[in-house]
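K.L.:
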Amino acid sequence: MIQPLGTIMRSSATVTVLTGVTVFVVGQLIAKRFVEPYVSFREQLGRITVLLLREQAKITNSNVDAEIIHDLKDAAAQLMAKYSALPNSLKRSYIGMRFIPSESKILESAQTLNLVASKLEGKSGENTYNLIKQIGLNLNIPTTYSP
Numbered sequence: 164m165i166q167p168l169g170t171i172m173r174s175s176a177t178v179t180v181l182t183g184v185t186v187f188v189v190g191q192l193i194a195k196r197f198v199e200p201y202v203s204f205r206e207q208l209g210r211i212t213v214l215l216l217r218e219q220a221k222i223t224n225s226n227v228d229a230e231i232i233h234d235l236k237d238a239a240a241q242l243m244a245k246y247s248a249l250p251n252s253l254k255r256s257y258i259g260m261r262f263i264p265s266e267s268k269i270l271e272s273a274q275t276l277n278l279v280a281s282k283l284e285g286k287s288g289e290n291t292y293n294l295i296k297q298i299g300l301n302l303n304i305p306t307t308y309s310p
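Numbering (our numbering), first residue to last: 164 to 310.
#1: Among residues of its own chain, excluding the 5 on either side of A273, which ones have a beta-carbon nearer than 7 Å to its beta-carbon?
#2: Using alpha carbons as the reference points, say which of P310, L270, E284 lies closest to E224.
#3: CB-CB under 8 Å to L253, same chain, minus the five flanking residues each way: which ones, in chain order?
#4: Let me confirm a value: D234 is counted as buried when at least 16 other C-beta atoms fall within 10 Å, else exposed. Which label applies?
#5: Grouping DSSP H, G and I as helix and E and B as strand, with all else coil, what is L249?
#6: Less than 8 Å between C-beta atoms, sequence neighbours within five positions excluded: which residues of the same chain meet that for L216?
#7: Return the chain-ordered list of same chain residues with a C-beta closer than 6 Å to the C-beta of K221, the five sequence neighbours on each side being excluded.
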């Protein structure tokens with residue numbers, strides 16, 4: 164038997180269930196649309212920090228193997244991918260402006276990671292310490308052990 168909507172809505176149990184379902188669905192939408200991409204982006208920044216700190220001696224002394232070069236290139240690509248996955252509304256919001264580097268800083272950092280990889284691959288022996296430091300400044304992450 165079909166009851167009018169007004170009769171159904173008078174039941175407090177029905178209102179409670181509908182409110183609970185609505186809150187759950189809205190919460191999941193917010194989590195999937197904003198929170199998860201932001202967390203994934205921050206995790207990538209953490210992976211870049213770990214890579215550059217762990218391999219700093221090898222990178223600055225040009226004593227790297229093919230795996231480290233691959234990891235540097237992969238980190239640059241992943242950085243760009245994770246940044247592009249962030250919703251534009253988050254990037255433009257106050258929170259985004261405060262906690263997410265600008266697109267130009269992201270692009271510059273990815274290019275610098277690739278430049279470091281290229282210099283190491285070519286075995287030019289050039290000092291890459293300042294490039295690593297610049298990546299840290301652009302992304303606001305620690306990339307060197309010096310202050």
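We treat Cβ as the ideally placed atom computed from N, Cα and C, and that holds for glycine. Being a predicted model, the structure only gives us computed values, none of them experimental.
P.N.:
Once the coordinates are examined:
#1: A239, L242, M243
#2: Per the sequence shown, the amino acid found at residue 224 is Asn instead of Glu. It is E284 whose Cα lies nearest to the Cα of N224.
#3: F197, P200, Y201, G259, I263
#4: buried
#5: coil
#6: P305, T306, T307, Y308
#7: V227
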